[in-house]
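Trainee:
Number of protein chains: 2
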Amino acid sequence: MSWGTIPAPAVPCQRSCALVTVGATTTTGGMTLVSAGTVGLPGIALLSFAHPHQRGWASLFQASGRVHVACAWDADQARGEAAAATLDVPFSADLDAVLGRDDVQAVTICSTNDTHADLAVAAAQAGKDIMMQKPMATTLVDCDRIVAAVETADVRYYQSHNLRFDPVHQEIKRLVAGGELGRIASARRRHSHAFALLQPEVLDWMRDPGHGGGGAFMDEGAHVALWFLWMFGPPEAVTGFVTTSLTEQQSGVEDGGTLLYRYASGMIGVHQSSWAELASTSTVEISGDRAVIIATGTDITAARSMSSDEPPLRVWRHNPSGPAVGPGPVPPDQPNPAGHWDDPQVALPRSRLQGTAEAFIQMLLEGTPSPADARTARTAVEMVLAGYQSSREGRTVTLPLRR
Amino acid sequence: MSWGTIPAPAVPCQRSCALVTVGATTTTGGMTLVSAGTVGLPGIALLSFAHPHQRGWASLFQASGRVHVACAWDADQARGEAAAATLDVPFSADLDAVLGRDDVQAVTICSTNDTHADLAVAAAQAGKDIMMQKPMATTLVDCDRIVAAVETADVRYYQSHNLRFDPVHQEIKRLVAGGELGRIASARRRHSHAFALLQPEVLDWMRDPGHGGGGAFMDEGAHVALWFLWMFGPPEAVTGFVTTSLTEQQSGVEDGGTLLYRYASGMIGVHQSSWAELASTSTVEISGDRAVIIATGTDITAARSMSSDEPPLRVWRHNPSGPAVGPGPVPPDQPNPAGHWDDPQVALPRSRLQGTAEAFIQMLLEGTPSPADARTARTAVEMVLAGYQSSREGRTVTLPLRR
């Protein structure tokens, strides 16, 4: 479960409905085909609605008018038929038939985490590009099956990565990559929601270790691992504690915790994720020797407790000729000799699904590289698994993990 | 080095000077005695000015008019004489003579960390109460020597603990102890300054592993360990990374890092300390299932980058009948159905030394229990040493540590 699931992105219904109803509709072998109006657009097959992002993505694909949602499949036929009906997309219970369609160029996989690999391998072997809900898979064995299948078939793999398309994070990336922080000592990323406390049924199969493969870190935390990889590359070691402190969960399912990522530079990444955090005033804190970044509102926990007049991003610009301590709290109308806070004019996105769906459309249409390819997705899973192993075995775990 | 060192607390000079100059002054055996005006007040001997807090404490003792700063000693005679002169206090280079004085009831120890134990043991054996600069000592062997000497001699030991006397922290303690947060999942305490970057000479001997016994965690971090003990009691395990990422330091001296404290309840404490953090917007973040606390301004890093119109303490009060996600950022003039932020009317202290000095005066005059006794001080050192061991050995370290 992650940001953007609720409320669903605002998609103008007229447009999405119009898209799939243009032209004549025929029925073949139990599948409804839209034969005109979408001809020539890359076709996408929706594989499973277990994760609710599938509906959000599909609506955005339809609204784009640039790709064609060709059909849907789900191992749970009732769920699949119901979801397909709301999207006005033909449903098939026959996966081989779906993957055999020539008008399907790509698939989007939102099954339970434990079945990601089977579906991805089948899709790759059928020559389909893949957009995958996070996490890639729940074991390194499964991740490696996907990597091998994708690379052997030479299809493209896109690990959906909502956080990358948040303008706040993009500005942070620009500042970090541009060296505006100087050398960086620490980067904290807190990313959470509160569904386990407030609406646990939303977590559904994600609370089942057999399907979810973990708890808050395999779910929310997978976003953050991708964020760290995007922002700083892979760490060299992981330690931390995952626990279940506020809610009842099955064994192997944590409702929160904190992992630490040690980087070769000496930088320490602090990754806090939870299914049970009600409020916060920050999601990002990055401390360098020239500037410090604070961001907020980029997870459900911060957004639900935020006022719209708060800047989502603040950058402390150090004054090298200022005092070591500073005068202490300074009246807002007076300059602080220690430095000053910039509030870059960036806004939180209205929907985090929009950017990730757009990126996949662009990949399909323009052949742009995947913003998060299969090997990156594998490393993100590796970081989470290393955290689990560290917490379980009571030791620091170095990367790469041994399988 | 810690908060309150610079700028020095504002002490009205007339009063402190008046206190020690009332009455006739005599000289005996090289020591100047103030024979009247302070008669009957508990006498305090200042042992070493290696840590600059000694001057701050002494000024506050003098300003109080309730205790008598009887004399000063320092292993560095030039430093001791100079400091004693500015305080208008007699200096002696003879430790035995100082500890043998009947008019000395207590000592305050601000020597280099490696000599805390020798001085404390000598003071205890001479029957003197002790106020100790943090950390208690740099090894458990030394801590145990102090604990044994204090308990054998039945003298009182007070581990100076500035953070405990910050009204913001006292309100947090009240909220936590009163159960207003409900069950607590995580407690983050960031406590830092930037001297290693901006004015490294201030760190002086603290950067020397032989004298300081570590880096940012043995120094700034010792405050935080005491804070966790006060707020939540002792953790059961520690893991983390300490590093030197932004400044050059000798081996065994870290300029920052993060330690994690695992509590039996499942709560995770996150302890970030640094000698090289320029700015921040929070020092405390505690997440419970009924409320969340955010505080700022309670370390040098946050205070130097803070505006005086920011509330130092905010409490998110959860609305149990509100939505799981909430509407997202809410205009400031509209109610948020998910909950609301309280800003308790507490102010940052003008000086953090004042409260800790007052507590010692009260102990001496009224026989009140030590707010942080020798065994508590030992556990705080144990937490830091466990963090160092974890970082060095790459494993989670359970408490109590084996010596």
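Those sequence lines, one after another, are chains A and B.
Under this note's numbering, the first residue of the first sequence carries the number 1, and numbering increases by one thereafter.
Under this note's numbering, the first residue of the second sequence carries the number 1, and numbering increases by one thereafter.
Even for Gly, the Cβ is constructed at its ideal location relative to N, Cα and C.
All of these numbers come straight from a predicted model, not from anything done at the bench.
Here's the rule: buried if 16 or more other CB atoms are within 10 angstroms of the residue's CB, otherwise exposed. What is A:TRP403?
Mentor: Reading off the sequence, residue 403 of chain A comes out as Arg, not Trp. Counting Cβ neighbours within 10 Å, A:ARG403 comes out exposed, since fewer than 16 surround it.
Trainee: Given a threshold of 16 other Cβ atoms within 10 Å of its Cβ, counted over all protein chains shown, does A:THR27 qualify as buried or as exposed?
Mentor: The predicted model places A:THR27 with a pLDDT of 38, which falls under 50 and marks its position as unreliable, so this point remains unresolved.
Trainee: Please report the residue range of the alpha helix (DSSP H) in which B:MET363 lies.
Mentor: Note, B:MET363: alpha helix (DSSP H), 352–366.
Trainee: By how many angstroms is the C-alpha of B:MET132 removed from the C-alpha of B:HIS116?
Mentor: Near 8 Å, if we compare the C-alpha coordinates of B:MET132 and B:HIS116.
Trainee: Based on Cα-Cα distance, which residue from A:LEU119, A:PHE61 and A:GLY127 lies nearest to A:TRP73?
Mentor: For the residues A:LEU119, A:PHE61 and A:GLY127, the minimum Cα distance to A:TRP73 belongs to A:LEU119.
Trainee: For B:VAL224 versus B:ARG378, is the C-beta spacing smaller than 9 Å?
Mentor: No, the pair does not count as a contact, with Cβ atoms beyond the cut-off.
Trainee: Kindly indicate which three-state DSSP category B:HIS116 falls into: helix, strand or coil?
Mentor: B:HIS116: helix per DSSP, three-state reduction.
Trainee: State the start and end residues of the unbroken beta strand (DSSP E) segment that holds B:TYR261.
Mentor: Taken as a continuous stretch (DSSP letters only), the beta strand (DSSP E) holding B:TYR261 covers 256–262.
Trainee: With 9 Å as the threshold, decide whether the Cβ of A:SER111 is near any Cβ in chain B.
Mentor: Not one chain B Cβ lies under 9 Å of A:SER111.
Trainee: Indicate whether the contact test is met: 3 or more Cβ pairs, each with one atom in the region 278–298 of chain A and one in the region 243–261 of chain A, closer than 8 Å.
Mentor: Flag = no, the region 278–298 of chain A and the region 243–261 of chain A do not touch.
Trainee: Could you check whether the region 209–228 of chain B touches the region 303–310 of chain B, counting it as contact only if at least three pairs of C-beta atoms, one from each stretch, sit closer than 8 Å?
Mentor: Contact fails: fewer than three Cβ-Cβ distances are below 8 Å.
Trainee: At a CB-CB cut-off below 7 Å, which residues of chain A make contact with B:TRP316?
Mentor: The contacting residues are LEU278, ALA279 and SER305.
Trainee: Can you tell me whether B:GLY182 is helix, strand or coil according to DSSP?
Mentor: DSSP places B:GLY182 in coil when its eight states are reduced to three.
Trainee: Within 9 Å of any Cβ in chain A, is that where the Cβ of B:GLN272 sits?
Mentor: Cβ-Cβ to chain A under 9 Å: yes for B:GLN272.
Trainee: Whose CA, out of B:ASP343, B:SER265, B:GLY339 and B:ASP373, lies closest to the CA of B:GLU404?
Mentor: Examination of residue 404 of chain B is not possible in this model, given that chain B is present from 1 through 403 alone.
Trainee: Can you give the Cα-Cα distance for A:PRO349 and A:PRO167, rounded to whole angstroms?
Mentor: Cα to Cα, the separation comes out at about 7 Å.
Trainee: Are any of the Cβ atoms in chain E nearer than 9 Å to that of A:SER308?
Mentor: Included in the structure are the protein chains A and B, with no chain E among them.
Trainee: So does the region 203–211 of chain A actually touch the region 381–389 of chain A, counting three or more Cβ pairs closer than 8 Å?
Mentor: No: the two stretches stay apart, fewer than three of their Cβ pairs being nearer than 8 Å.
Trainee: Spatial neighbours of B:ARG66 within its chain, please: CB distance less than 7 Å, with the 5 preceding and 5 following residues excluded, ordered by chain position.
Mentor: Hits under 7 Å: LEU41, ILE361 and LEU365.
Trainee: Please confirm if the region 324–339 of chain B is in contact with the region 293–302 of chain B, defined as three or more CB-CB distances below 8 Å between the two stretches.
Mentor: No, the region 324–339 of chain B does not touch the region 293–302 of chain B.
Trainee: Starting from A:ALA338, find everything on chain B with Cβ-Cβ shorter than 7 Å and list it in chain order.
Mentor: Those within 7 Å of A:ALA338 in chain B are ARG304 and SER305.
Trainee: Who are the near neighbours of B:PHE241 in its chain, counting only those whose CB is closer than 7 Å to its CB and skipping five residues on each side?
Mentor: Closer than 7 Å at the Cβ level, and outside the excluded window around B:PHE241, lie GLY257, THR258 and SER391.
Trainee: Check each candidate in A:GLN345, A:ARG156 and A:ALA70 and name the one with the smallest Cα separation from A:GLY367.
Mentor: Checking every option, the nearest Cα to that of A:GLY367 belongs to A:ARG156.
Trainee: Just reading off the beta strand (DSSP E) that A:ASP342 is part of, what are its end residues?
Mentor: Here the beta strand (DSSP E) through A:ASP342 covers 339–342.
Trainee: Can you tell which of A:HIS340, A:LEU278 and A:ILE268 has its C-alpha closest to the C-alpha of B:LEU278?
Mentor: Of A:HIS340, A:LEU278 and A:ILE268, the residue nearest in Cα terms is A:HIS340.
Trainee: If you measure from the beta carbon of A:ALA324 to each beta carbon in chain B, is any gap under 9 Å?
Mentor: It does; some Cβ of chain B falls within 9 Å.
Trainee: Per DSSP, what kind of secondary structure is A:TRP316 in: helix, strand or coil?
Mentor: Strand.
Trainee: Is A:ARG156 helix, strand or coil when you go by DSSP?
Mentor: Looking at A:ARG156 - three-state DSSP - the assignment turns out to be coil, as it is neither helix nor strand.
Trainee: Between A:ALA295 and A:ARG164, is the Cβ-Cβ spacing less than 9 Å?
Mentor: No, these two residues do not count as a Cβ contact at 9 Å.
Trainee: If we define contact as Cβ-Cβ less than 9 Å, is A:THR25 a contact residue for chain B?
Mentor: In this predicted model, A:THR25 has a pLDDT of only 39, less than 50, meaning its place in the structure is not dependable; the value taken from the coordinates is given anyway. No, A:THR25 does not count as interfacial toward chain B.
Trainee: I need the boundaries of the beta strand (DSSP E) containing A:GLN54, first residue and last residue.
Mentor: That residue, A:GLN54, is in no beta strand (DSSP E); its alpha helix (DSSP H) goes 53–64.
Trainee: Would you grab the beta carbon distance between B:HIS271 and B:GLY221 for me? Rounded to a whole angstrom, and I think it's under 8 Å.
Mentor: Right, their Cβ atoms sit about 7 Å apart.
Trainee: Could you pull the DSSP bridge partners for A:THR239 from this structure?
Mentor: Answer is A:LEU260, bridged to A:THR239.
Trainee: From the beta carbon of B:SER245, is the nearest beta carbon of chain A less than 9 Å away?
Mentor: Chain A contact via Cβ: present.
Trainee: Checking contacts by CB at 9 Å: is B:TRP205 closer than that to chain A?
Mentor: Judged by the 9 Å Cβ criterion, B:TRP205 is not in contact with chain A.
Trainee: Work out the CA separation of A:ARG317 and B:GLN14 for me, nearest whole Å.
Mentor: At B:GLN14 the pLDDT is 28, less than 50, meaning the model places this residue with poor confidence; the figure from the coordinates comes in the next sentence. Looking at the two C-alpha atoms, the distance is approximately 41 Å.
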